[in-house]
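Numbering (full-length UniProt numbering), first residue to last: 1 to 267. Glycine included, every Cβ here is placed at the ideal spot set by N, Cα and C. Following: one structure in structure tokens, then a few remarks.
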Ligand SMILES: Nc1ncnc2c1ncn2[C@@H]1O[C@H](COP(=O)(O)OP(=O)(O)OP(=O)(O)O)[C@@H](O)[C@H]1O
Ligand SMILES: [Mg+2]
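Structure, rendered in structure tokens:
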């Protein structure tokens with residue numbers, strides 16, 4: 001588990017999942033190694049969230065295998081996955097907007113002082129830890145007492161990433177962390193993903209956007225209507241090829257054709 005061998009932290013082999021009659025995922029494979037970023041790309045309904053719910057222990061796959069550190073994993077719940085160091089940051093982030101940054105950081109795992117009836121939340125330690133943790137990841141939050149609701153979307157994502165890293169995530173699963181953000185803020189979040197990667201965390205980065213995925217990704221899995229269009233290492237695919245695969249190249253050409261003017265515009 002020290003990363004000296006080449007065993008992936010996470011691996012799914014040929015996994016599938018159906019809901020009633022809907023095939024959400026069919027025969028999909030992905031490997032995530034320490035210090036690498038695996039991107040999962042696909043349009044709406046492609047099966048991205050279903051895949052991460054399998055990785056994070058929300059759903060058991062109907063078919064195929066899920067391996068953690070090379071051994072079959074049988075997670076009954078997200079808590080089981082978290083205990084193995086697999087942390088998921090969902091898009092809604094599960095933070096409380098009116099609570100401070102440091103309170104949100106420690107939500108559910110507060111450091112305590114004293115014992116028995118004298119037990120209390122060690123506020124000074126919490127503040128200091130959050131300040132140090134954010135600073136060590138280069139995250140510039142002026143005031144850890146400010147309510148999370150006053151942070152920008154990118155800052156909130158960054159705090160959530162720092163929190164997962166602080167609590168010992170070996171694998172960080174991020175569901176569309178950049179999709180609601182402008183260019184600059186998306187860049188900020190991509191930098192923190194790189195920081196987590198450089199600390200040896202294996203990252204699963206879900207996105208619609210090949211321009212966000214390409215610069216940071218080591219591997220790219222493209223999903224389309226529940227099936228894999230391929231899993232590529234970076235040297236096996238160019239940004240243009242990834243974009244065209246993701247957009248469904250031919251479908252996009254058809255759309256361009258439909259949208260083009262049939263005649264010269266009037267006037
Ligand atoms: N719990 C469920 N019950 C029934 N159908 C589901 C369930 N979860 C997902 N599906 C279906 O599976 C397919 C894949 O959905 P999924 O949420 O994985 O897509 P996605 O790639 O995350 O899409 P988006 O980009 O819109 O978030 C969809 O057709 C969806 O309706
Ligand atoms: Mg989704």
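| Asked | Found |
| --- | --- |
| Per DSSP, residue 66 forms a beta bridge with which residues? | 12 |
| Evaluate contact between the region 189-204 and the region 173-181, counting only Cβ atoms and requiring at least three cross-stretch pairs below 8 angstroms. | yes |
| When DSSP labels each residue in this structure, what does residue 255 get in the three-state scheme? | helix |
| Quick one: Cα of residue 43 to Cα of residue 208, how far? | 6 angstroms |
| Once you ignore the five residues that flank residue 226 on each side, which residues in its own chain have a CB closer than 6 angstroms to its CB? | 23, 24, 25, 26, 47 |
| Name the residue from 245, 167, 183 whose alpha carbon lies nearest to the alpha carbon of residue 85. | 167 |
| Would you mind listing the beta strand (DSSP E) stretches within the region 125-208 that are 3+ residues and don't spill past its ends, in chain order? | 171-175, 202-207 |
| What three-state label does DSSP hand residue 80 in the structure shown? | helix |
| Residue 104 lies in the alpha helix (DSSP H); which residues open and close that run? | 101-105 |
| Shortest alpha-carbon distance to residue 67 belongs to which of 9, 141, 33, 242? | 9 |
| So what's residue 2 in DSSP terms, helix, strand or just coil? | A caution first: residue 2 carries a pLDDT of 46, below 50, which makes its placement in the model too unreliable to give a value. |
| Using only alpha-carbon positions, find the residue among 224, 202, 247, 237 that is nearest to residue 6. | 202 |
| Take residue 13 and list the residues in its own chain whose beta-carbon comes closer than 6 angstroms to its own, dropping the five residues that flank it on each side. | 29, 64, 65 |
| Spatial neighbours of residue 149 within its chain, please: CB distance less than 8 angstroms, with the 5 preceding and 5 following residues excluded, ordered by chain position. | 97, 98 |
| To the nearest angstrom, how far is it from the Cα of residue 221 to the Cα of residue 122? | 43 angstroms |
| Taking the beta carbon of residue 239 as the centre, do at least 16 other beta carbons fall within 10 Å, making it buried, or is it exposed? | exposed |
| I need the straight-line Cα distance from residue 165 to residue 140, nearest angstrom please. | 17 angstroms |
| Which of helix, strand or coil does DSSP assign to residue 71? | strand |
| Between which two residues does the beta strand (DSSP E) containing residue 295 stretch? | Given a span of 1 to 267 for the chain in the structure shown, any question on residue 295 remains unanswerable. |
| Tell me, which residues are paired with residue 219 by DSSP? | 38, 233 |
| Are there 16 or more other CB atoms within 10 angstroms of the CB of residue 33, so buried, or fewer, so exposed? | buried |
| Near ligand 2, which residues have their beta-carbon less than 6 angstroms from any of its heavy atoms, given in chain order? | 48, 49 |
| Can we count residue 224 as close to ligand 1, meaning its CB is less than 7 angstroms from some heavy atom? | no |
| Using 8 angstroms for Cβ pairs, my map puts residue 159 next to residue 101. What's the rounded Cβ distance? | 6 angstroms |
| Consider the Cβ of residue 170: report whether some Cβ of chain C lies at a distance smaller than 8 angstroms. | Looking for chain C here will not work: only one protein chain is present. |
| With 16 as the cutoff for other CB atoms within 10 Å, does residue 157 come out buried or exposed? | buried |
| Would you kindly work out how many angstroms separate the C-alpha atoms of residue 2 and residue 35, rounded to a whole number? | Reliability of the predicted coordinates at residue 2 is poor, the pLDDT of 46 falling under 50, and the value obtained from them is presented with this limitation in mind. Between residue 2 and residue 35, the C-alpha separation is close to 11 angstroms. |
| Note down, in chain order, each residue of its chain lying with its Cβ closer than 6 angstroms to the Cβ of residue 134, except the 5 sequence neighbours on either side. | 141, 162 |
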